[in-house]
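Taken in sequence, the protein lines are chains A and B. Just so you know, we're using our numbering here: the first sequence kicks off at 575 and counts up by one. Just so you know, we're using our numbering here: the second sequence kicks off at 2 and counts up by one. Just so you know, even glycine gets a beta-carbon here, dropped at the ideal spot from N, CA and C.
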Amino acid sequence: MSAVLADMPETAAPATTKAIAPSKGGRPWTFYVLATLFGLYVIALYGPMFCIYILSFQDIRGGLVFPMKGHSLHWFVDLFTQVRTGDVKGSFDRSIKLAVIVTIITVLVSFLAGLGFRKRFRGDTFVFYMMIGSLVAPGLVLGLGTGLLFQALGLNASWYTSALGAQLSWTLPFGVLVMFAVMSRFDHVWEEAAYDLGASRWQSIRLVMIPVLAPGLVAVALFGFTLSYDEFARSLQTAGSLNTLPLEIWSMTLNVTSPSLYALGTVTTIVSFIVIGASLGSIVLIQKKRGSQAKG
Amino acid sequence: MQPSSSSAQAPSRANLAGWLYVSPLVLVLVPFFVAPILVVLAASFFATDGFGGLTPGFTLASYIEVLHSALTLKLYLATIKFTVLTWVFTLIIGFFVAYFLVFHVRNQLLAIGLFLLCTVPFWTSNIIRMISWIPLLGKEGLINQALLAMGVIHQPLEVLLFSDLAVVIAYVHQLTIFMIVPIFNSMARIDKKLIEAAIDAGASRFDIMRLIVVPMSKSGIALGTIFVVSIVMGDFFVVKVMSGGGSASVVSAFYEDVGVLQYPTAAASAVLLTLVLVAIVALILRTVDIRQEITR
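Spelled out as structure tokens, the structure:
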């Protein structure tokens, strides 16, 4: 995931090479087969999601399946006003705040770790595999361990302490892996040139590395925010008494059988889409600006 | 850190700098990954009073209980069944989608655009994407409605939702992206000249696939496999909701155990699962050096 997204703008640039050999001239029959497969995959990927967005706009008679019964914003109002659907507003608020904190920490820590992993040092493999372990460990088990740890230490589990840490154990490995991909495209020569011109270490980071790596850092931020905002398994045992949004959705899937569940899905997806759009947009913008500066 | 010009001290300085850069990462992973794992490990050896109270001590009772119960075998078989089915489907779909994007889409910008189209749902809520199958697969869902209307069936199919089929569909829907991205990444690095040369030497399309594309995508396949296997084996949420409570996996049983405060048994089962997972991941890592793959 990481690698390709991060180097997306870079691959776009040298893309002037010739078209791929097997698809020169007429299309082989496999092209049509695979294009169909791809089309079906995309439909299966987005189709169900769009079904629930559409169904969330039903009126008060609405049910969980098609056909649509009228159209209104009833279930959105219901979502934020009804007590039986739980504290949606509060958990929404908490999830956004938590995601912002996680994003900031993820970007900073991943960037530093990315700098550290550029050179071999004693024990680097150990740190690397610790990170991979944190990535593949079952989230619920880690969450329980964190919860028990806080209990044993006499600390209260809450979304801004234990859940924050539990989420970082999930977002940081992704962030560092993205940084790996980003760093592998960073030419060492630029940094050397900065040093030769008398830059200090901090100046070379601030004036050379950060601007060059900016698109990659945006990608890390995107991972940090969305993975935290949607994180569920690790938060379940660590969030304490106040729910984050995915936990709220989880409890709704168990006891709410009205389209307000779908309305919540629509609302959270809109937030996700805004974040994704803003991130991808700013990556493109940075690249464009850079391109025009290079020409001018 | 003392500035030193002697070359003998250079490695230790590099070590120190490396550790300084990764120290924030380590400071998060130790309390929120290493410590929780150790807590779970410790809890698996403790005795319980049955009400959530843990008595520190050393007993293998929980392990004996877990290993002796017929349920454990059943849970592992179910988990392996889901894992294998999901792996097969995500691999086939992921491989061919990546192949299509890399080798059949001639316009690089279009390929990146289509690739992003595949990745966007990754950044949205998994839970929402899962429940979005309800209006399609349900007893009165779209698929049943369509099949009834076409006269293919005369009674709505009940196996579509809340069944093992629904569980696998939800997994494949969520996890194919974890195959597409690494495979896409390794395929994109295959030198197109190699394929041209193979064509010139008279290789058939099948030969190219068998002798060039598949071997050179191996690292991507390995990486994707690690993601898919570890996520499916660590999941409880999809199994619980999509099977309607009818099926269970190792972690969903863990979740039930935690719910009734059977911490030691839950911990013992979690430790066993982690060992199995580590063995599988280690086996995969033997075939590919992922650190080198990612940083290359």
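Check                                                                                                                                                              : Outcome
Below 8 Å on the Cβ atoms is my contact criterion, and I expect A:G688 with A:M753 to pass it. Report the Cβ-Cβ distance as a whole number of Å.                   : 3 Å
Taking only runs that begin and end inside the region 31-97 of chain B, name each unbroken alpha helix (DSSP H) of 4 or more residues, in chain order.             : 36-45 and 62-69
Please compile the residues from chain A whose C-beta is within a distance smaller than 7 Å of the C-beta of B:F97.                                                : L608 and L611
In terms of residue numbering, what span does the alpha helix (DSSP H) encompassing A:A618 cover?                                                                  : W603 to L629
Below 8 Å, can you find three or more Cβ-Cβ pairs linking the region 93-109 of chain B to the region 260-275 of chain B?                                           : no
If you compare alpha carbons, which of B:I38, B:I196 and B:G247 is closest to B:V160?                                                                              : B:G247
How long is the line joining the alpha carbons of B:A254 and B:P265, rounded to whole angstroms?                                                                   : 13 Å
Could you work out which residues of chain A lie near B:A271, taking near to mean beta carbons separated by less than 9 Å?                                         : P712, L714, V715, L718 and G719
So which of B:L17, B:P216 and B:S24 has the shortest CA-CA distance to A:L686?                                                                                     : B:S24
Determine the direct distance from the alpha carbon of B:I128 to that of A:G814, and round the result to whole angstroms.                                          : 20 Å
Any beta carbon of chain A sitting closer than 8 Å to that of B:T49?                                                                                               : no
Taking 8 Å as the threshold (C-beta atoms), are A:T812 and A:A731 in contact?                                                                                      : yes
By how many angstroms is the C-alpha of B:T73 removed from the C-alpha of B:Q263?                                                                                  : 15 Å
Quick one: Cα of A:G637 to Cα of A:F799, how far?                                                                                                                  : 32 Å
Could you list the residues in the region 20-37 of chain B with a C-beta less than 9 Å from some C-beta on chain A, going in chain order?                          : W20, L21, Y22, V23, S24, P25, L26, V27, L28, V29, L30, V31, P32, F33, F34, V35, A36 and P37
Does the Cβ of A:P789 have 16 or more other Cβ atoms within 10 Å, making it buried, or fewer, making it exposed?                                                   : buried
Alpha carbon to alpha carbon, how far is B:F104 from B:I196?                                                                                                       : 10 Å
Note down, in chain order, each residue of its chain lying with its Cβ closer than 7 Å to the Cβ of B:R130, except the 5 sequence neighbours on either side.       : P122, H174 and Q175
Can you pull the chain A residues whose beta carbon is under 8 Å from the beta carbon of B:F237, in chain order?                                                   : L714 and A807
Under a CB-based cut-off of 8 Å, is A:T818 close to chain B?                                                                                                       : no
Could you give the DSSP three-state label for A:T831: helix, strand or coil?                                                                                       : coil
Taking C-alpha atoms, which residue in B:L166, B:I222 and B:Q156 lies nearest to B:I135?                                                                           : B:L166
Within the chosen definition, does the region 108-123 of chain B reach the region 169-188 of chain B through at least 3 CB pairs nearer than 8 Å?                  : yes
Quick one: residues in its chain with C-beta nearer than 8 Å to the C-beta of B:A189, no 5 flanking neighbours on either side, listed in chain order?              : V103
To which residues of the same chain is A:Y769 closer than 7 Å at the C-beta, ignoring the five residues directly before and after it?                              : S778
In whole angstroms, what is the alpha-carbon distance linking A:L854 and A:A807?                                                                                   : 27 Å
Quick check on DSSP: helix, strand or coil for A:S866?                                                                                                             : helix
Under 8 Å, with one C-beta from each stretch per pair, do the region 21-35 of chain B and the region 742-751 of chain A reach the 3-pair mark?                     : yes
Output needed for A:L716: all residues of its chain with C-beta closer than 7 Å, excluding positions within five of it in sequence on either side, in chain order. : A740, S743 and R808
With 8 Å set as the bound, which would you pick, yes or no: does the beta-carbon of B:V169 sit closer than that to a beta-carbon of chain A?                       : no
What three-state label does DSSP hand A:Y734 in the structure shown?                                                                                               : coil
On the DSSP letters alone, give me the boundaries of the alpha helix (DSSP H) that B:N127 sits inside.                                                             : N127 to I132
Residues of chain B with CB under 7 Å from A:K693, in chain order?                                                                                                 : A15 and G19
Does chain A have any CB closer than 8 Å to the CB of B:T125?                                                                                                      : yes
Assuming A:V681 contacts A:L791 (C-beta within less than 8 Å), just tell me the rounded distance between them.                                                     : 6 Å
Using a Cβ-Cβ distance cut-off of 8 Å, determine whether B:L137 contacts chain A.                                                                                  : yes
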